[in-house]
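Encoded as structure tokens, the structure appears first; notes follow it.
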């Protein structure tokens, strides 16, 4: 399985300006499984006209999602100081 460019984007809580982003070493399928635990009725993967798959949209990193990110990938987003989102780069 090809590693995809899934990132956690860190935005300022004051003005929503992008501060930084960090990659998550995972496959698209792995992040889809994680997101399905929290958003089971949403479709998280889209396919473009060239049959390339990508993450559809961005997802807020809540405290529960952050816990799962740590359990699954060893990553903890700094949700205390930033608004964080899981996105496709």
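In the numbering used here, the protein residues as written are 989 to 1077.
By construction, the Cβ of each residue, glycine as well, lies at the ideal position given by its N, Cα and C atoms.
Only a predicted model underlies this, so the values are computations on that prediction, with no experimental measurement involved.
Given residue i as reference, the closest of the options once Cα atoms are compared
i            : options                   : result
residue 1049 : 1024, 1071, 993 and 1008  : 1071
residue 994  : 1025, 1002, 1026 and 1032 : 1032
residue 1052 : 1038, 1008 and 1027       : 1027
residue 1055 : 1016, 1010, 1023 and 1006 : 1023
Contact belief for residue i with residue j at Cβ below 8 Å, rounded distance in angstroms
i            : j            : result
residue 997  : residue 1073 : 5 Å
residue 1076 : residue 1047 : With a Cβ gap of about 10 Å, residue 1076 and residue 1047 do not count as contacting.
residue 1061 : residue 1013 : 7 Å
Backbone secondary structure at residue i - three-state DSSP
i            : result
residue 1060 : helix
residue 1019 : helix
residue 1037 : coil
residue 1054 : helix
residue 1025 : helix
residue 1071 : strand
Cβ-based neighbour list, residue i, same chain, cut-off 8 Å, excluding 5 preceding and 5 following
i            : result
residue 1004 : 1071
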